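Residues in the sequence shown are numbered consecutively from 9, following the numbering used here. Where is the CB? At the ideal position from N, CA and C, for every residue including glycine. Here the structure is a predicted model, which means the values were calculated and not measured.
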Amino acid sequence: MSYLPAEPPAFFHRGPSPAARLVFFGVFSIALLFLDTRYRYLEQIRQAVAVVIYPLQRAAAVPGELVAGIGEHFASKKALTAENEALKRRLVEQGAATQAFATTQQANERLKALLDIRTSFSGNAIAVEVLYTGRDPFSQRVFIDKGSEAGVTAGSAVVDADGVVGQVTRLYPYMAEVTLVTDKDHVIPVRIERSGVRAVMAGTGAGGAPELRFMSPSADVQVGDLLVTSGLDGTYPPGLAVAKVATLQRDTGQMFAQITLAPVAGVDRSDQLLVLGRGAGLPPRPEPVIESDTPKKGGKSRQRRGG
9 MSYLPAEPPA
19 FFHRGPSPAA
29 RLVFFGVFSI
39 ALLFLDTRYR
49 YLEQIRQAVA
59 VVIYPLQRAA
69 AVPGELVAGI
79 GEHFASKKAL
89 TAENEALKRR
99 LVEQGAATQA
109 FATTQQANER
119 LKALLDIRTS
129 FSGNAIAVEV
139 LYTGRDPFSQ
149 RVFIDKGSEA
159 GVTAGSAVVD
169 ADGVVGQVTR
179 LYPYMAEVTL
189 VTDKDHVIPV
199 RIERSGVRAV
209 MAGTGAGGAP
219 ELRFMSPSAD
229 VQVGDLLVTS
239 GLDGTYPPGL
249 AVAKVATLQR
259 DTGQMFAQIT
269 LAPVAGVDRS
279 DQLLVLGRGA
289 GLPPRPEPVI
299 ESDTPKKGGK
309 SRQRRGG
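Structure representation (structure tokens):
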């Protein structure tokens, strides 16, 4: 009794083997990753794809926004009912004038702080709104609703009414990516407002508090000190509030002190932000002075003769 062969006849063998295909596409993928990381050859393609899929992203977000809006409507209605009952009891106990004044004053203070920041930069600040947070759990990023078409530029500082939130690190035509100050790859030159000591604040990623790195154990720093931008990097205008010193450990066995910080801005809760233009609030850089060698040589010869 004859059996059919397990292998297909040679007539059906076409093209390279599966192993060769795997090796080829693997090497091709690695080459694309290297070129994109090192030379950013695929940035134009990424920009074009972002423009094409932007309407699809917005369309995909519409059902979720509608459901969230409906849920928020009923939840807010229930919350407002409960809040109204509580306010009525408080009005009887404390009086309507006191409660109205406290609520209005708090709202006015926050709006005034945001308006003051925008006014201080002579129109270079762009008001934006947070769309959603990044999907990568190991990075601290948010996406805002304005991009290059609205005048947002890469590298711009992003703030809220309380202080620095982050920096624009990737730009699209109709949106932008903002890396928060708590991200592990984000570093800001700062100074201690009380003592004027300059330092470097670095994020530690999700779940961790930012750190004040490379500080000597004998440095003039205390728990509760406010850190503001020094302006030395040319990105963040000087004097913006960044964080406060939360913990301080001066271990003589270590080269540097261990200092953790608490951001003063609402990096995880602020929805309304301001994007500051590059160089806003900074004086122009001086032009480099090019000196010729001839006067120097002449000057040296005259000095030698005079001597």
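- Residue 68 and residue 62 have their C-alpha atoms spaced approximately 10 Å apart.
- In the structure shown, the three-state DSSP call for residue 257 is strand.
- With contacts defined as CB atoms closer than 8 Å, residue 229 and residue 195 fail to qualify as a contacting pair.
- Taking 8 Å as the cut-off, the Cβ atoms of residue 244 and residue 255 do not count as close.
- With a cut-off of 8 Å on Cβ pairs, the stretch 219-234 is not in contact with the stretch 275-287, counting fewer than three such pairs.
- In this structure residue 155 is in contact with residue 181, their Cβ atoms being roughly 5 Å apart against a cut-off of 8 Å.
- Taking the CA atoms as reference points, residue 54 sits about 14 Å from residue 47.
- Going by beta carbons, residue 31 and residue 166 fall outside the 8 Å limit.
- Each residue's CA atom was taken as its position, placing residue 98 and residue 91 some 10 Å apart.
- In the structure shown, residue 240 falls within a coil segment according to DSSP collapsed to helix, strand and coil.
- For residue 37 and residue 141, the gap between their C-alpha atoms comes out near 28 Å.
- Per DSSP, reduced to three states, the secondary structure at residue 141 is strand.
- With a 10 Å radius around the Cβ and a threshold of 16 neighbouring Cβ atoms, residue 168 comes out buried.
- About 6 Å separates the beta carbons of residue 227 and residue 205, which is inside the 8 Å limit, making them a contact pair.
- Residue pairing by DSSP leaves residue 61 without any beta bridge partner.
- By a beta-carbon distance limit of 8 Å, residue 186 does not contact residue 171. Their separation comes to about 14 Å.
- Residue 211 places its beta carbon less than 8 Å from that of residue 148.
- Taken through DSSP and simplified to helix, strand or coil, residue 149 comes out as strand.
- Linking residue 208 to residue 261 through their CA atoms gives a straight-line distance of about 21 Å.
- By the criterion of a C-beta distance shorter than 7 Å, residue 217 is surrounded in its chain by 254, 268, 269 and 270, once the five residues flanking it on both sides are discounted.
- Cβ-Cβ distances below 6 Å link residue 241 to 197 in the same chain, with the five nearest sequence neighbours on each side left out; the list follows chain order.
- For the pair residue 133 and residue 285, the Cα-to-Cα distance works out to about 6 Å.
- The Cβ atoms of residue 152 and residue 281 sit closer than 8 Å to each other.
- Taking C-alpha positions only, residue 139 is separated from residue 82 by approximately 22 Å.
- In this structure, residue 150 lies near residue 188, with their beta-carbon atoms less than 8 Å apart.
- One alpha carbon belongs to residue 234, the other to residue 273, and they sit about 12 Å apart.
- In this chain, the beta strand (DSSP E) harbouring residue 271 covers 266-271.
- Annotation for residue 248: 167, 171, 172, 236 and 237 place their beta carbon closer than 7 Å to its own, counting only its chain and skipping 5 residues before and after.
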